[in-house]
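First up is the structure itself, then whatever we jot down about it.
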Amino acid sequence: MAVEILEAGLSSTIQDLGRPHYYNVGIPPSGAADQFSAISANLLVGNPKEAAVIESPYMGPKIRFTQATVVAVTGATMPTTLNEQPVPQWESFAVAAGDELAFGFLSSGARVYIAVAGGFDVPSVLGSRSTYVLGGFGGFEGRTLRQGDVIATGATASGTVGRVVPERLRPIMSRNVELRVVLGPYDYRLAPAGLACLLDTEWKLTPVADRTGFRYSGPALEWVEREQPFGAGSDLSNIVDTGYPIGSIQAPGGGDPIILHRDAVSGGGYAMVATVISADMGVVAQSSPGARTRFRAVSFDEALEARGAARQVRAELRRSMD
Amino acid sequence: MTARTESRYSWGGDEHLDVQISEAMTLEANFTAMAMSNALSQMSIPGVIDICPANASLLLRFDPDVVDPRRLEVTVRQIEKEVRAAPSHSLKTRIFEVPVWYGDPITEGTGARFREGHQRPEGTDLEFAALENGLDSVQAFIDMHSSSPWITSMVGFVSGLPFMFQLVERDRQLEVPKYLRPRTDTPALTVGHGGCFACIYSVRGAGGYQMFGITPVPIFDPAQRLPDFADFMVFFKPGDIVKFRPIDEAEYGRIRGEVDAGTYRYRQAPVEFVLEDFLVDPVAYNTKISEALDGC
Numbered sequence: 016m017a018v019e020i021l022e023a024g025l026s027s028t029i030q031d032l033g034r035p036h037y038y039n040v041g042i043p044p045s046g047a048a049d050q051f052s053a054i055s056a057n058l059l060v061g062n063p064k065e066a067a068v069i070e071s072p073y074m075g076p077k078i079r080f081t082q083a084t085v086v087a088v089t090g091a092t093m094p095t096t097l098n099e100q101p102v103p104q105w106e107s108f109a110v111a112a113g114d115e116l117a118f119g120f121l122s123s124g125a126r127v128y129i130a131v132a133g134g135f136d137v138p139s140v141l142g143s144r145s146t147y148v149l150g151g152f153g154g155f156e157g158r159t160l161r162q163g164d165v166i167a168t169g170a171t172a173s174g175t176v177g178r179v180v181p182e183r184l185r186p187i188m189s190r191n192v193e194l195r196v197v198l199g200p201y202d203y204r205l206a207p208a209g210l211a212c213l214l215d216t217e218w219k220l221t222p223v224a225d226r227t228g229f230r231y232s233g234p235a236l237e238w239v240e241r242e243q244p245f246g247a248g249s250d251l252s253n254i255v256d257t258g259y260p261i262g263s264i265q266a267p268g269g270g271d272p273i274i275l276h277r278d279a280v281s282g283g284g285y286a287m288v289a290t291v292i293s294a295d296m297g298v299v300a301q302s303s304p305g306a307r308t309r310f311r312a313v314s315f316d317e318a319l320e321a322r323g324a325a326r327q328v329r330a331e332l333r334r335s336m337d
Numbered sequence: 152m153t154a155r156t157e158s159r160y161s162w163g164g165d166e167h168l169d170v171q172i173s174e175a176m177t178l179e180a181n182f183t184a185m186a187m188s189n190a191l192s193q194m195s196i197p198g199v200i201d202i203c204p205a206n207a208s209l210l211l212r213f214d215p216d217v218v219d220p221r222r223l224e225v226t227v228r229q230i231e232k233e234v235r236a237a238p239s240h241s242l243k244t245r246i247f248e249v250p251v252w253y254g255d256p257i258t259e260g261t262g263a264r265f266r267e268g269h270q271r272p273e274g275t276d277l278e279f280a281a282l283e284n285g286l287d288s289v290q291a292f293i294d295m296h297s298s299s300p301w302i303t304s305m306v307g308f309v310s311g312l313p314f315m316f317q318l319v320e321r322d323r324q325l326e327v328p329k330y331l332r333p334r335t336d337t338p339a340l341t342v343g344h345g346g347c348f349a350c351i352y353s354v355r356g357a358g359g360y361q362m363f364g365i366t367p368v369p370i371f372d373p374a375q376r377l378p379d380f381a382d383f384m385v386f387f388k389p390g391d392i393v394k395f396r397p398i399d400e401a402e403y404g405r406i407r408g409e410v411d412a413g414t415y416r417y418r419q420a421p422v423e424f425v426l427e428d429f430l431v432d433p434v435a436y437n438t439k440i441s442e443a444l445d446g447c
């Protein structure tokens, strides 16, 4: 069983839940940018949650199935069709040999996820099937998908048709985004006015928004004046090169903050003023250019509570599939 | 600002603990980061996902559903105390040689495409670096760059990219500012420099470091084709000691041939680096550890 890519979309990749344990040598976690949507798509078709799926930003691919199987589409809202007939998102459905899955224009969110019963069977590299394009490995030949690619899917007894993710569990995708952040690790480098500006501004997501990072436009941030330490670089936003947390926000040169995502550079020399909490990284992934975005500071304990709440939602998702 | 005797601990979201050992780059801070990293790795704490030593800091990534973050912080602080209290700091590591074709046409061609907006639009990055360091020739700069070894103070940015800090006193450190505007292109295996750090670009891509030359030797091999990559696709490890050896075009071509044939082996030897011994007489110590490469 395999799928054939008839149209690739913009930069579709194969992703699972990620590749931990190699960040210390500059290999980022990769994996689905919106993990909840990827998990949902897998559970819908009867896969384990960590099976490999297709992630497609802004534009869905067009794909043909070589054999009958079960498919589910989650994530961004995009009209989805099978042989030009509408099929639902967040619900598993059967496809026959030769059927073609296609997508219309994005109406909300940014990234669509496609799961097939058995998962996409690409080689596991360092314990993961996720594509890391910058490193040129993982996923399908270490790159974004192209027209003509034929991707094998794993063996499976049979998928499950007609499973649905209940409406109340589906993420809300809005053009007005609030992201919860924990201040730091380098928030002390911002002057009080700079910190106020970070938290009071309605930032706008620029087109520079991909798996490595999301750049926002807005006013310049004011930094604490200092004589730069040896090795740090001359700009006030510079620090001695260090490791970057996933989700951390930096503002090179003082303006246009960037949130690092799952294919981020693992380190560098820009002060990270705040870090998006894990529960909101999927919200970042489903933001599309132009999204009006505010950063709301929460305490570390509030971040842990939010993480607990997200875990509850995933537990409910699993129960809803029983 | 006075030197901090204790690190600054802070959370990065709910999955990271960041330990800022020093705001300025020092060999001592880097050693503290590496020693803490090694001690924490040996503890194999469940729920700790990544331990990333950096130039003067340490980043941990953890799963707070598995490990209590505040207990983890207590453990890390305890490790820091033990590391700082240790009477001597030594690192069992290796020294290896990286051949470099300085002033090669590949990186100079790329440099020429990004001259607009460079601090010194006329000339090359090497000429700029020589001037910035008060040296009267490019050759004098190359001599300083290649005569004393460097320690790999951090691996990261992108796959397997080493940051290296030269093992010389502060007043002999080569310092060159980064590009004013980052390039959108850098050839793979470019030997670069920004601030006080050397780097080798592991893959082609964006970059802001000045470009001095190119090495024919891979440092990142996802296909694991060469024997030195049999165990892992990344060659550099934090703590590796590196000696740059200037080569010419002919030798560059010859080594490339060996790499293409899959026969190239790094010239390397195990060494133990003792920080306190180095600080007493850096020049003599460097000569001694570099001798480990003789006969390799």
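From first to last, the protein sequence lines are chains A and B.
For the first sequence, position 134 (counting from the first letter as 1) is numbered 149 according to the working numbering, and the numbering increases by one without interruption.
For the second sequence, position 75 (counting from the first letter as 1) is numbered 226 according to the working numbering, and the numbering increases by one without interruption.
Idealized CB from N, CA, C, for every residue including glycine.
Legend entry - Proximal residues to A/Met336 (C-beta, below 7 Å), its chain only, five neighbours per side dropped: Here the question's residue 336 of chain A lines up with position 321 in the first sequence. Within the same chain, and ignoring the five residues on either side of A/Met336 in sequence, the residues whose Cβ sits closer than 7 Å to its Cβ are Leu58, Arg178.
Legend entry - A/Met174, buried or exposed, once every other Cβ within 10 Å from all chains shown has been counted against 16: Position 159 of the first sequence holds residue 174 of chain A. A small fix is needed here, since residue 174 of chain A is Gly in this sequence, not Met. Buried, by the Cβ-count rule.
Inset, instruction - Report the three-state DSSP secondary structure of A/Ala130 (helix, strand or coil). - result: Your numbering for residue 130 of chain A matches position 115 in the first sequence. In the displayed model, A/Ala130 falls within a strand according to three-state DSSP.
Inset, instruction - Could you tell me which of B/Cys347, B/Met295, B/Thr261, B/Glu273 sits nearest to B/Ala339, measuring between CA atoms? - result: Taking the first residue of the second sequence as 1, we reach residue 339 of chain B at position 188. Among B/Cys347, B/Met295, B/Thr261, B/Glu273, the Cα nearest to that of B/Ala339 is on B/Thr261.
Inset, instruction - Please determine, among A/Leu275, A/Val127, A/Ile254, the residue with the shortest C-alpha to C-alpha distance to A/Val196. - result: Walking along the first sequence from the start, residue 196 of chain A turns up at place 181. Relative to the Cα of A/Val196, the nearest Cα in the group A/Leu275, A/Val127, A/Ile254 belongs to A/Leu275.
Inset, instruction - Return yes when the Cβ of B/Arg264 is within less than 8 Å of the Cβ of B/Ile272, no when it is not. - result: Here residue 272 of chain B refers to the residue found at position 121 when the second sequence is read from its first residue. Here residue 264 of chain B refers to the residue found at position 113 when the second sequence is read from its first residue. The sequence given here places Pro at residue 272 of chain B; Ile does not occur at that position. No, they are not a contact pair.
Inset, instruction - Would you kindly report the start and end of the unbroken alpha helix (DSSP H) that includes B/His296? - result: Counted from its first residue, the second sequence places residue 296 of chain B at position 145. Where B/His296 is concerned, the enclosing alpha helix (DSSP H) stretches over 289-298.
Inset, instruction - Could you tell me how far apart the beta carbons of A/Ser281 and A/Tyr259 are, in whole angstroms, since I believe they sit closer than 8 Å? - result: Here residue 281 of chain A refers to the residue found at position 266 of the first sequence. Here residue 259 of chain A refers to the residue found at position 244 of the first sequence. Indeed they touch by this definition, with Cβ atoms about 6 Å apart.
Inset, instruction - Residues of the stretch 295-310 of chain B with a CB closer than 7 Å to any CB of chain A: list them in chain order, please. - result: Under the 7 Å Cβ criterion, the stretch 295-310 of chain B contributes Met305, Val306, Gly307, Phe308, Val309, Ser310.
Inset, instruction - Select from the stretch 31-45 of chain A all residues with a C-beta closer than 7 Å to any C-beta belonging to chain B, and list them in chain order. - result: Under the 7 Å Cβ criterion, the stretch 31-45 of chain A contributes Pro35, His36, Tyr38, Asn39, Val40, Gly41, Ile42.
Inset, instruction - Would you list, in chain order, the members of the stretch 327-342 of chain B that have their beta-carbon closer than 9 Å to a beta-carbon of chain A? - result: So the close ones are Pro328, Lys329, Pro333.
Legend entry - the stretch 136-147 of chain A contacting the stretch 99-108 of chain A, beta-carbon criterion three pairs below 8 Å: Segments in contact, no.
Legend entry - Inter-residue spacing [alpha-carbon to alpha-carbon] between A/Ala407 and A/Val18: With chain A covering 16 to 337 only, the question about residue 407 of chain A has no answer from this structure.
Inset, instruction - Could you tell me which residues DSSP puts in a beta bridge with B/Thr303? - result: As a first step, residue 303 of chain B is located in the second sequence; it is residue number 152 there, counting from the start. DSSP lists B/Met315 as partners of B/Thr303.
Inset, instruction - State yes or no: is the C-beta of B/Pro272 nearer than 7 Å to some heavy atom of the ligand GTP? - result: Absence of the ligand GTP is noted for the structure shown, with no ligands found whatsoever.
Legend entry - Start-end ranges of the alpha helix (DSSP H) lying completely within the stretch 129-199 of chain A, minimum 4 residues: DSSP runs (the alpha helix (DSSP H)) wholly in the stretch 129-199 of chain A: none.
Legend entry - Distance between A/Asp271 and B/Thr153 (C-alpha atoms, nearest Å): Your numbering for residue 153 of chain B matches position 2 in the second sequence. Your numbering for residue 271 of chain A matches position 256 in the first sequence. Note on B/Thr153: pLDDT 37, under 50, position unreliable in the model; no value is reported.
Legend entry - Residue-level contact to chain A via CB, B/Trp162, 8 Å cutoff: By one-based count along the second sequence, residue 162 of chain B stands at place 11. Chain A contact via Cβ: present.
Legend entry - Proximal chain B residues relative to A/Gly248, where beta-carbon distance stays under 9 Å: As a first step, residue 248 of chain A must be located in the first sequence, where it is residue number 233. Here the neighbours are Pro328, Lys329, Gly345, Gly346.
Legend entry - Cβ neighbour criterion (16 or more within 10 Å) applied to A/Ile129: For the purposes of this step, residue 129 of chain A is taken as the residue at position 114 of the first sequence. Buried, since its Cβ has 16 or more Cβ neighbours within 10 Å.
Inset, instruction - Assuming B/His240 and B/Ala186 form a contact by the criterion Cβ under 8 Å, report the distance between their Cβ atoms to the nearest whole angstrom. - result: Start at 1 with the first residue of the second sequence, and residue 240 of chain B comes out as number 89. Start at 1 with the first residue of the second sequence, and residue 186 of chain B comes out as number 35. Contact annotation, B/His240 with B/Ala186: C-beta distance approximately 6 Å; criterion of less than 8 Å satisfied.
Inset, instruction - Pull out every residue of the stretch 192-217 of chain B whose Cβ sits closer than 8 Å to any Cβ of chain A, in chain order. - result: Taking 8 Å as the Cβ-Cβ cut-off against chain A, the residues of the stretch 192-217 of chain B that qualify are Ile200, Asp201, Ile202, Cys203, Pro204, Ala205, Asn206, Ala207, Ser208, Leu209, Leu210, Arg212, Pro215, Asp216.
Legend entry - Selected residue, minimal CA-CA separation from B/Gly164, among B/Gly285, B/Asp372, B/Ser353, B/Pro220: Position 13 of the second sequence, counted from the first residue, corresponds to residue 164 of chain B. Out of B/Gly285, B/Asp372, B/Ser353, B/Pro220, B/Pro220 has the C-alpha closest to the C-alpha of B/Gly164.
Legend entry - Neighbour flag for B/Asp382 against chain A, beta carbons, 8 Å: Along the second sequence, read from residue 1 onward, the residue named residue 382 of chain B stands at position 231. Cβ-Cβ to chain A under 8 Å: no for B/Asp382.
Inset, instruction - Just the C-alpha distance for A/Leu116 and A/Val223, rounded to the nearest angstrom, thanks. - result: Sequence index remark: in the first sequence, residue 116 of chain A carries index 101 (1-based). Sequence index remark: in the first sequence, residue 223 of chain A carries index 208 (1-based). Going by the C-alpha atoms only, they are around 28 Å apart.
Inset, instruction - Measure the Cβ-Cβ separation of B/Ile172 and B/Ser192 and say whether it is below 8 Å. - result: Position 21 of the second sequence holds residue 172 of chain B. Position 41 of the second sequence holds residue 192 of chain B. Not closer than 8 Å, so no.
Inset, instruction - Taking 8 Å as the cut-off, decide whether the C-beta atoms of A/Ser143 and A/Gly153 are in contact. - result: Start at 1 with the first residue of the first sequence, and residue 143 of chain A comes out as number 128. Start at 1 with the first residue of the first sequence, and residue 153 of chain A comes out as number 138. Yes, they are a contact pair.
Inset, instruction - Kindly say whether B/Thr153, judged by its beta-carbon, lies nearer than 8 Å to any beta-carbon of chain A. - result: For this step, residue 153 of chain B is matched to residue 2 along the second sequence. With a pLDDT of 37 at B/Thr153, under the threshold of 50, the modelled position of this residue cannot be trusted, and the question is left open.
Inset, instruction - Mind listing the chain B neighbours of A/Ile292? Cutoff is C-beta to C-beta under 7 Å, in chain order. - result: In the first sequence, counting from the first residue as 1, residue 292 of chain A sits at position 277. Against chain B, the beta carbon of A/Ile292 has neighbours under 7 Å at Gly164, Asp165, listed in chain order.
Inset, instruction - Please check if any C-beta of chain A sits within less than 8 Å of the C-beta of B/Met176. - result: As a first step, residue 176 of chain B must be located in the second sequence, where it is residue number 25. True, the Cβ-Cβ gap to chain A drops below 8 Å.
Legend entry - Nearest-angstrom Cβ-Cβ length linking B/Met315 and B/Phe279, presumed shorter than 8 Å: Looking up residue 315 of chain B in the second sequence gives position 164. Looking up residue 279 of chain B in the second sequence gives position 128. With 8 Å as the limit, B/Met315 and B/Phe279 do not qualify as a contact, their Cβ atoms being about 20 Å apart.
Legend entry - Alpha-carbon to alpha-carbon, A/Lys219 and A/Val328: Here residue 328 of chain A refers to the residue found at position 313 when the first sequence is read from its first residue. Here residue 219 of chain A refers to the residue found at position 204 when the first sequence is read from its first residue. Using only the alpha carbons, I get a separation of about 29 Å.
Inset, instruction - Could you run through the stretch 254-275 of chain A and flag, in chain order, every residue whose CB is less than 9 Å away from some CB of chain B? - result: Answer in chain order: Ile254, Val255, Asp256, Thr257, Gly258, Tyr259, Pro260, Ile261, Gly262, Ser263, Pro267.
Legend entry - Residue environment, A/Arg334, which counts as buried when at least 16 other CB atoms sit within 10 Å: One-based indexing of the first sequence puts residue 334 of chain A at position 319. Exposed, because fewer than 16 other Cβ atoms sit within 10 Å of the Cβ of A/Arg334.
Legend entry - Identity of the residue in B/Leu178, B/Ala207, B/Val218 nearest B/His167 by Cα: Looking up residue 167 of chain B in the second sequence gives position 16. Comparing Cα-Cα distances from B/His167 to each of B/Leu178, B/Ala207, B/Val218, the minimum goes to B/Val218.
Legend entry - Whole-angstrom distance between B/Arg396 and B/Ile257, CA atom to CA atom: Along the second sequence, read from residue 1 onward, the residue named residue 257 of chain B stands at position 106. Along the second sequence, read from residue 1 onward, the residue named residue 396 of chain B stands at position 245. Distance between B/Ile257 and B/Arg396, taken at the CA atoms: about 18 Å.
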